[in-house]
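Q: Let me give you the structure first, and then I'll get to my questions.
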Amino acid sequence: MDNYNSLNKQVPVLYPTYEEFKNLSAYIISQEQRIIQSQFGAFKIVPPFRWVPVTNCFSSIRIKSYLTQRITPSSKVNHVYQIKNIITTKRRAMFYEEFKRLAESEHHHLSDSIDDVEEYFWKSIHEQTSTMHPPIYAADINSSLFSKKETICSFSNLKSLLNYYPLDIKDRLENFVNDNNLIELSGDEKLCTAPIQHKTLLIHPNLLIQNNIDCHQIIQKQNEIVCILPRSYHFGFNCGLNIAEAINYALPSWINYGMKTKICSCVQPVVKLDMQHFTTDIVDKFEQDIGKTKLPLTNFSFSQQPTDPITHVSDLFVGKSMLH
């Protein structure tokens with residue numbers, strides 16, 4: 001089960017020009033149908049070298065709570081695991097430098113002698129003992145690293161159909177967009193209409209492949225953008241100290257998926273989108289605002305399958321390995 005030769009399909013990697021990158025929403029729209037037709041659930045965007053993001057200082061980041069993740073194997077199926085997130089609330093806010101020291105401490109720092117990070121990841125889960133230190137994860141930080149001075153590409157102002165949602169709902173969308181939906185079931189057994197939304201399930205990719213389920217790998221490096229398409233199940237892990245910013249966004253192609261979405265029935269959702277709001281008029285206004293044009297389908301390539309084992313620790317450069 002630890003052989004990753006089956007992960008030989010790499011997701012598309014896009015290389016937009018500087019002008020295309022300025023209007024990221026329009027660029028994604030111009031490319032997404034080709035990607036969907038290729039039966040991929042995700043793709044990666046490598047920004048042009050000319051773009052250097054304007055970011056806020058890390059020292060301003062305040063962490064009010066962080067997660068300790070406990071992973072336990074299923075008692076019924078091999079190579080299936082359950083993730084339990086334990087929230088630790090700080091009496092005082094933890095700043096970035098303090099969290100960095102904690103993340104890079106001896107208990108959490110990966111040894112440079114580890115040649116295959118992914119193999120180590122699964123081995124550590126399978127062979128974990130009570131003396132092992134669980135990973136820590138600072139989640140639900142309602143902030144952005146993009147500076148307000150950033151005018152080329154910023155997740156804070158990415159053009160999306162969600163921008164046209166009613167104001168009283170949009171005020172609450174910040175939690176919906178950034179919240180990790182960390183749900184824990186307790187008490188009697190329950191039936192849920194969308195159990196995957198609990199984000200507590202971890203499956204070894206080779207188990208999926210053995211059951212004829214396509215599984216692709218993405219290695220995300222600094223400044224690279226990974227776009228997950230609707231109904232694509234994904235999981236991943238960070239390689240050491242890592243800061244990643246994520247948002248949910250909605251393009252016209254998402255509406256049909258949104259209409260069919262099943263909501264977790266275990267708890268009251270933070271926000272339940274009224275899909276009737278996304279009318280043809282809203283879509284037309286969105287496309288007018290982004291100045292949608294028929295952008296050429298160029299700069300489309302597939303990354304090469306690495307011949308060496310997955311990244312050596314000493315070569316890591318703020319990367320994240322994600323399995324799709």
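Start counting the sequence shown at 1; every next residue gets the next number (the UniProt record's numbering). C-beta: ideal position from N, C-alpha, C; glycine also. Please read all numbers here as calculations on a predicted model, not as lab measurements.
(1) At what residues does the alpha helix (DSSP H) containing residue 165 begin and finish?
(2) So residue 145 is in the alpha helix (DSSP H); what residue range does that whole segment cover?
(3) Can you grab the Cα-Cα spacing for the pair residue 185 / residue 199, in whole Å?
(4) Quick one: give me the first and last residue of the alpha helix (DSSP H) that residue 205 is part of.
(5) Under the three-state reduction of DSSP, which class applies to residue 319: helix, strand or coil?
(6) Going by DSSP in three states, residue 31 sits in which element: helix, strand or coil?
(7) In whole angstroms, what separates the C-alpha of residue 253 from that of residue 106?
(8) Can you list, in chain order, the residues of its chain with a C-beta nearer than 6 angstroms to that of residue 86? Leave out the 5 residues immediately preceding and following it.
(9) Just verifying my parser: in three-state terms, what is the DSSP assignment at residue 93?
(10) Answer yes or no: do residue 12 and residue 30 have a C-beta to C-beta separation smaller than 8 angstroms?
(11) Figure out for me which residue from 15, 40, 245, 281 has the closest Cα to the Cα of residue 213.
(12) Does the region 44 to 54 come within contact of the region 219 to 228, defined as at least 3 CB pairs closer than 8 angstroms?
(13) Mind checking residue 156: buried by the 16 CB within 10 Å criterion, or exposed?
(14) With DSSP as the reference, identify every bridge partner of residue 152, one or two as the case may be.
(15) Would you identify the three-state DSSP class for residue 88, choosing helix, strand or coil?
(16) Within a Cβ cutoff of 6 angstroms, which residues of the same chain sit near residue 84, ignoring the five residues on either side of it in sequence?
(17) Buried or exposed: which applies to residue 256, given that a residue is buried once 16 or more other Cβ atoms fall within 10 Å of its Cβ?
(18) Could you check whether the Cβ of residue 137 sits closer than 8 angstroms to any Cβ belonging to chain B?
(19) Counting C-beta neighbours from all protein chains within 10 Å, is the total for residue 77 16 or more, i.e. buried, or is it exposed?
(20) If you measure between the beta carbons of residue 161 and residue 251, is that distance less than 8 angstroms?
(21) Curious, which full-length beta strand (DSSP E) runs of at least 3 residues does the region 10 to 66 contain?
(22) According to DSSP, is residue 294 part of a helix, a strand, or is it coil?
(23) Considering only the alpha carbon of each residue, which of 32, 48, 128, 142 lies closest to residue 61?
(24) So does the region 15 to 22 actually touch the region 272 to 282, counting three or more Cβ pairs closer than 8 angstroms?
(25) In terms of residues, what are the limits of the alpha helix (DSSP H) holding residue 217?
(26) Near residue 149, what residues of its chain come up, given a Cβ to Cβ distance below 6 angstroms and the 5 sequence neighbours on each side ignored?
(27) Name the DSSP bridge partner or partners of residue 227?
(28) Can you tell me where the alpha helix (DSSP H) with residue 256 in it begins and where it stops?
(29) Which residues in the same chain have their Cβ closer than 6 angstroms to the Cβ of residue 103, if we skip the five residues on either side of it in sequence?
A: This is what the structure gives:
(1) The continuous stretches of alpha helix (DSSP H) do not include residue 165, and DSSP gives it neither H nor E.
(2) Counted as a single uninterrupted DSSP element, the stretch harbouring residue 145 is not any alpha helix (DSSP H), since DSSP gives it neither H nor E.
(3) In this predicted model, residue 185 has a pLDDT of only 32, less than 50, meaning its place in the structure is not dependable enough to derive any value.
(4) 205 to 210 is the extent of the alpha helix (DSSP H) around residue 205.
(5) Low per-residue confidence applies at residue 319: pLDDT is 37, beneath 50, and the placement is therefore not dependable enough to give any value.
(6) Helix.
(7) Using only the alpha carbons, I get a separation of about 46 angstroms.
(8) Counting only Cβ-Cβ distances below 6 angstroms, and skipping sequence neighbours, we find 68.
(9) The answer is strand: DSSP assigns residue 93 an E or B state.
(10) Pairing residue 12 with residue 30 gives a Cβ-Cβ distance that is not under 8 angstroms.
(11) It is 40.
(12) Counting Cβ pairs under 8 angstroms, three or more are found: they touch.
(13) By the 10 Å Cβ count, residue 156 comes out exposed.
(14) BP columns for residue 152 are empty, so no partner.
(15) Residue 88 falls in the strand class under three-state DSSP.
(16) If we look at residue 84 and ignore the five residues flanking it on each side, its Cβ neighbours are 70.
(17) In the assembly as shown, residue 256 is an exposed residue. Its beta-carbon has fewer than 16 other beta-carbons within 10 Å.
(18) Checking the listed chains, one finds no chain B in this structure; it contains a single protein chain.
(19) In summary, residue 77 is exposed, with fewer than 16 beta-carbon neighbours lying within 10 Å of its beta-carbon over all protein chains present.
(20) Result yes, Cβ atoms of residue 161 and residue 251 sit closer than 8 angstroms.
(21) DSSP runs (the beta strand (DSSP E)) wholly in the region 10 to 66: 12 to 14, 42 to 45.
(22) Unreliable positioning characterises residue 294 in this predicted model, as indicated by a pLDDT of 44, which lies under 50. The coordinate reading is nonetheless provided below. Coil.
(23) Checked all of 32, 48, 128, 142; the closest Cα to residue 61 is 142.
(24) They do not touch, by the three-pair rule.
(25) It is not in any alpha helix (DSSP H) - residue 217 instead sits in the beta strand (DSSP E) that spans 217 to 220.
(26) The residues 54, in chain order, have a CB closer than 6 angstroms to that of residue 149 in the same chain once the five nearest residues on each side in sequence are set aside.
(27) The beta-bridge partner set that DSSP reports for residue 227 consists of 43.
(28) Bounds of the alpha helix (DSSP H) holding residue 256 are 255 to 259.
(29) In the same chain as residue 103, and ignoring 5 residues on each side of it, the C-beta atoms closer than 6 angstroms to its own belong to 241, in chain order.
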